[in-house]
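**Q** Numbering (our numbering), first residue to last: 1 to 132.
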Amino acid sequence: MRRSNKKRLIPLALALVLALVGAALAVPVITVNIQQIGAGSNPVLSPVDVANISWTLASNPDYVSGAVIVFDQTIPAGSQVYLKIYNSTGSIIALGVNATTTSTNTVTISFTSAVDITKMETAAVVVKGPSP
Numbered sequence: 001m002r003r004s005n006k007k008r009l010i011p012l013a014l015a016l017v018l019a020l021v022g023a024a025l026a027v028p029v030i031t032v033n034i035q036q037i038g039a040g041s042n043p044v045l046s047p048v049d050v051a052n053i054s055w056t057l058a059s060n061p062d063y064v065s066g067a068v069i070v071f072d073q074t075i076p077a078g079s080q081v082y083l084k085i086y087n088s089t090g091s092i093i094a095l096g097v098n099a100t101t102t103s104t105n106t107v108t109i110s111f112t113s114a115v116d117i118t119k120m121e122t123a124a125v126v127v128k129g130p131s132p
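#1: Kindly list the residues whose CB is nearer than 7 Å to the CB of A58, restricted to its own chain and excluding five residues on each side of it in sequence; keep chain order.
#2: What's the call for S103, buried or exposed, on a 16-neighbour Cβ count within 10 Å?
#3: Less than 9 Å separating the beta-carbons of L123 and I53?
#4: Out of D49, L12, L95 and T101, state which residue places its alpha-carbon closest to the alpha-carbon of Q73.
#5: What does the alpha-carbon distance come out to for the pair F71 and P11?
#6: Work out the CA separation of L14 and T108 for me, nearest whole Å.
#7: Roughly how many angstroms separate the alpha carbons of A94 and T56, rounded to a whole number?
#8: Within 10 Å of its beta-carbon, does V126 have 16 or more other beta-carbons around it, so buried, or fewer, so exposed?
#9: Where I75 and N60 are concerned, what is the direct C-alpha to C-alpha distance, given to the nearest angstrom?
#10: With a 10 Å radius around its C-beta and 16 neighbouring C-beta atoms as the bar for buried, classify L83 as buried or exposed.
#11: Where do the ends of the beta strand (DSSP E) carrying G96 lie?
And the structure:
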């Protein structure tokens, strides 16, 4: 292969690598593994084990306006699902709540104001079961 052909392939290969990396980073999904809570002989069981969060981007794609949470198990009707977003100092910067009216495994949550993606450090999902 001629040297001039090799010089042409290098920028093409670099462009391909950058395109693949960009596409891989553009998927806004987080998988959350949920731990059981409780102590002693009466543990409190979590209604779900795994939740996938798909972020809803605002009109400005640097901000998140909400999320769709898909659980591995059905959430009972009357449950409340909380989505808390923390910044790097551990302060809550967004809180969204959805009260389910039917049994479902998919919950949509909207924030009252959009959240800057660069300030999001940790997300916590809390499922509060229906009142007895």
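Just so it is clear, CB atoms sit at the ideal spot from N, CA and C, and this is done for glycine as well.
**A** Working from what's here:
#1: Taking the sequence shown and counting its residues from 1, one reaches residue 58 at position 58. Here the set comprises V64, S65 and A114.
#2: Counting from 1 along the sequence shown, the entry for residue 103 is found at position 103. Classification for S103: exposed.
#3: The sequence position of residue 123 within the sequence shown is 123, counting from 1. The sequence position of residue 53 within the sequence shown is 53, counting from 1. Note on residue identity: the sequence assigns Ala, not Leu, to residue 123. A contact, by the Cβ cut-off of 9 Å.
#4: Start at 1 with the first residue of the sequence shown, and residue 73 comes out as number 73. If we check each option's Cα against that of Q73, D49 comes out closest.
#5: Here residue 71 is taken as the residue at index 71 of the sequence shown, counted from 1. Here residue 11 is taken as the residue at index 11 of the sequence shown, counted from 1. Rounded to whole angstroms, F71 to P11 spans 43 Å at the Cα level.
#6: Here residue 108 is taken as the residue at index 108 of the sequence shown, counted from 1. Here residue 14 is taken as the residue at index 14 of the sequence shown, counted from 1. Cα to Cα, T108 sits roughly 39 Å from L14.
#7: By one-based count along the sequence shown, residue 94 stands at place 94. By one-based count along the sequence shown, residue 56 stands at place 56. Rounded to the nearest angstrom, the two C-alpha atoms are 14 Å apart.
#8: Start at 1 with the first residue of the sequence shown, and residue 126 comes out as number 126. That one is exposed.
#9: Mapped onto the sequence shown, residue 75 falls at position 75. Mapped onto the sequence shown, residue 60 falls at position 60. Distance between the alpha carbons of I75 and N60: 32 Å.
#10: Numbered from its first residue, the sequence shown carries residue 83 at position 83. Looking at its Cβ environment, which holds 16 or more other Cβ atoms inside 10 Å, L83 is buried.
#11: In the sequence shown, the residue the question calls residue 96 occupies position 96. Looking at the DSSP string, the run of the beta strand (DSSP E) that includes G96 is I92 to A99.
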